[in-house]
Each structure stands twice: as structure tokens, then as C-alpha cells.
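Participant: First residue of the sequence shown: 1, per my numbering; consecutive thereafter.
Glycine included, every Cβ here is placed at the ideal spot set by N, Cα and C.
A quick note: this is a predicted structure, and the numbers were derived from the prediction, not measured.
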Amino acid sequence: MESTPRITGKDVRREVAPVTPEDTYLADVADSPLSAWERGKEFMVTDPRISRIFGATAPTQPLTGKIIRYDSASETTGITGSPVTDVTFISPEGDRLVYRINRSLRRLMSETSTEIPFTIQMSVIAGAADRLIGKKFYILTSSWRDDTDNPVGGGRKFIPVTVDSVAAGNSLFPVKVAFTDPEGRSARIFIHAGAKGEAPRTFSRVFSFADPRIQYPHITPEHWQLIIDGRVTEGMTLEECRLSLGTPKEIERGATNSFYREAWLYENGVYLLFEDGLLKRFRH
Numbered sequence: 001m002e003s004t005p006r007i008t009g010k011d012v013r014r015e016v017a018p019v020t021p022e023d024t025y026l027a028d029v030a031d032s033p034l035s036a037w038e039r040g041k042e043f044m045v046t047d048p049r050i051s052r053i054f055g056a057t058a059p060t061q062p063l064t065g066k067i068i069r070y071d072s073a074s075e076t077t078g079i080t081g082s083p084v085t086d087v088t089f090i091s092p093e094g095d096r097l098v099y100r101i102n103r104s105l106r107r108l109m110s111e112t113s114t115e116i117p118f119t120i121q122m123s124v125i126a127g128a129a130d131r132l133i134g135k136k137f138y139i140l141t142s143s144w145r146d147d148t149d150n151p152v153g154g155g156r157k158f159i160p161v162t163v164d165s166v167a168a169g170n171s172l173f174p175v176k177v178a179f180t181d182p183e184g185r186s187a188r189i190f191i192h193a194g195a196k197g198e199a200p201r202t203f204s205r206v207f208s209f210a211d212p213r214i215q216y217p218h219i220t221p222e223h224w225q226l227i228i229d230g231r232v233t234e235g236m237t238l239e240e241c242r243l244s245l246g247t248p249k250e251i252e253r254g255a256t257n258s259f260y261r262e263a264w265l266y267e268n269g270v271y272l273l274f275e276d277g278l279l280k281r282f283r284h
């Protein structure tokens, strides 16, 4: 049997997709720069390691899950003689928390974005909530989550869901979206707002305005239901299996005198074997 070099998932995803309305829907919902902050601006703390950035001003009680508020920014001289900026926040208990940034105030004020480690700007959550709550979208992933971003079983894709609420998420995925499917089942998805970028979970990667079914009128209802449920069966095409299970980690291709063979391997151990473009055997 003749064979071709192994292809990885990275090679499969090399094509650059065009910008869609979903890509831009939350593009302007992003962290604001220091120059736009007003006293009282809220930040939610996501990680106990935030005590490191506050140094000697860090409180003894934990801040994780609490809201701290911006108070002021002032320039001073650092230990090396260079200008630094002290950004001050107020904790719920009234403590003054000082984060020293090794840049001048003028430079900070000229930047287009200012990040405070281990926090989420609550203005981002408010902006996302305004765009999402009460809206119906089609969910593109079956990787549904719980309140702490752990996976829950039984997730389905390509079905309509209604967004119930939006809250602060975690350091990796700041926006927590709660939704309900047509059967009344509730779950969460954690995403990034802002521009599409390279984040694995953005609005456009997990939601669609239109029913994805419209793009695939040639797929039978039986196979489409399997795709929704994230399952496969013998006789499914390459396209149908990719829709159901996603892009494989590795692809091996080869040919005999009788048929063309293609094997797909996924990171979770799922293995698909195709002959002439149709699924012949699988380990799922």
C-alpha cells in the first residue's frame, strides 16, 4: 500500500477563514485603557496570586472573587531612579491596594489597553451581557461547562440556545455565559470577548447567528442528529465526521489497488478509519 506523510491537526487548520459577523459581534467589548478609567471602576479578582502585585499593601484576607475599585494613579520614582506609576485600588474592606507598574504615568496614559493581572474588568462583563442576555444563538460546541468551567456530559452542538445570564469567569476565559437549550437543560460556556485573535474560545468559535444546518442540506436527518450528539456511525463521510468530532490530531493517508484509505486519530483516543471517503471502522 502506498502512503503519504502524516498530517497533523495544525496542518489541517492552516486555511485562513474570512471575517464573519460573529467575529466582530463582541470585538469592541474589551479592556479599557488607564486613560479611560474613572474612580470607582470595578475589577473582579480571579486568583489569590494577586497579592504578589500588591506587595506590602496586600491585605491578609483573601481577595479572590471580590470586587476591588480603582481609586487613582500617580507617578513616583522607583529604586533605580526611573519613573514608575502607583495604581491604587480600594478593597471591599476599605484597604488601599497599590500596584506599582514600571512605566511612567505618561506612557501608561498613551497605551490602548491596561491589564491588571489576575482581574477582570467588570465593564467587559457588562458590555457582553448587554449583547448576549435574552438572545438566541446556535451553539457550535458540545463541550458544555459547569459554573467552575469543568466539563459536563451530554452537551450537544448546532442547536439553538438562549442566553440567560453573563457573569465574570476566570483568568483564562473572563466571560461566563449561562444558556438553556430547547429541552430546558442549562449549562455554561466560558469565552473571551474582544477581537477574535487566537483565543480558543471566542464568540464566533462557540456561537452562530444562523442555523448551521442550512449549510449542509445534503446531509441526511439521521446523520445530522448524530452530528448534533457528537457521535459517528459506519458510512458517514469525512465531512460529517469532522462536523461531529472536530479536527483530528493526526491524519494518515494511503492507497491500495482496491481503495483509498484515511485514518484519523484524536487526542482523546478516538480512531476513525475511512475507505474511499466513507467511515469503515471506528473506536469511539
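#1: Grab me the residues of residue 143's own chain with a C-beta within less than 7 Å of its C-beta, minus the 5 sequence neighbours each way, in chain order.
#2: If you run the structure through DSSP and keep just helix, strand and coil, what is residue 287?
#3: For the candidate residues 245, 21 and 26, whose alpha-carbon lies nearest to that of residue 126?
#4: Can you round the beta-carbon distance between residue 68 and residue 43 to whole angstroms, since I take them to be within the 8 Å contact cut?
#5: Give me the Cα-Cα distance between residue 265 and residue 227, rounded to the nearest whole angstrom.
#6: Applying the criterion that 16 or more other CB atoms from any shown protein chain within 10 Å of the CB defines a buried residue, is residue 1 buried or exposed?
#7: Does the distance from the C-beta atom of residue 210 to that of residue 124 stay below 8 Å?
#8: Give the range of the alpha helix (DSSP H) segment to which residue 225 is assigned.
#9: Would you tell me roughly how many angstroms separate the C-alpha atoms of residue 96 and residue 41, rounded to the nearest one?
#10: Roughly how many whole angstroms lie between the Cα atoms of residue 93 and residue 119?
#11: By the 10 Å Cβ neighbour count, where 16 or more other Cβ atoms means buried, how is residue 169 classified, buried or exposed?
#12: Tell me the rounded alpha-carbon separation between residue 270 and residue 208.
#13: Nearest CA to the CA of residue 45: which residue from 34, 76 and 90?
#14: Please name the residue in 72, 130 and 175 whose C-alpha comes closest to that of residue 37.
#15: Quick check: residue 279 and residue 232, are their CB atoms within less than 8 Å of each other?
#16: With residue 126 as the anchor, note down where its alpha helix (DSSP H) starts and where it stops.
#17: Run the CB neighbour count on residue 217, radius 10 Å, all protein chains shown included, and call it buried at 16 or more, exposed below.
#18: Count the other CB atoms, across all protein chains shown, that sit within 10 Å of the CB of residue 288; report buried if there are 16 or more and exposed otherwise.
#19: Note the first and the last residue of the continuous beta strand (DSSP E) segment covering residue 24.
#20: Specify the secondary structure class of residue 1 as computed by DSSP and reduced to three states.
#21: So, are the CB atoms of residue 103 and residue 85 less than 8 Å apart?
#22: Strictly by DSSP, which residues pair up with residue 96?
#23: How long is the line joining the alpha carbons of residue 57 and residue 50, rounded to whole angstroms?
#24: Where does residue 17 land, buried or exposed, given buried means 16+ other C-beta within 10 angstroms?
#25: Report yes if the CB atom of residue 139 is closer than 8 Å to the CB atom of residue 159, and no otherwise.
#26: Hey, would you say residue 188 sits closer than 8 Å to residue 199, going by beta carbons?
Facilitator: So, to answer that:
#1: 151 and 155
#2: Look at the range of the chain in this structure, 1 to 284, and you will see that residue 287 is not part of it.
#3: 26
#4: 5 Å
#5: 18 Å
#6: Residue placement at residue 1 is poorly supported in this model, since its pLDDT is 46, which falls under 50; the coordinates still yield a value, given next. Its Cβ having fewer than 16 others within 10 Å, residue 1 is exposed.
#7: no
#8: 221 to 228
#9: 14 Å
#10: 18 Å
#11: buried
#12: 27 Å
#13: 90
#14: 72
#15: yes
#16: 122 to 132
#17: exposed
#18: Residue 288 falls outside the range modelled here, since the chain spans only 1 to 284, and no answer is possible.
#19: Counting along the chain, residue 24 falls outside any beta strand (DSSP E), though it belongs to the alpha helix (DSSP H) covering 21 to 24.
#20: Annotation note: pLDDT 46 at residue 1 (below 50); position unreliable, coordinate value reported separately. Note: residue 1 maps to coil in three-state DSSP.
#21: yes
#22: 90
#23: 11 Å
#24: exposed
#25: yes
#26: no
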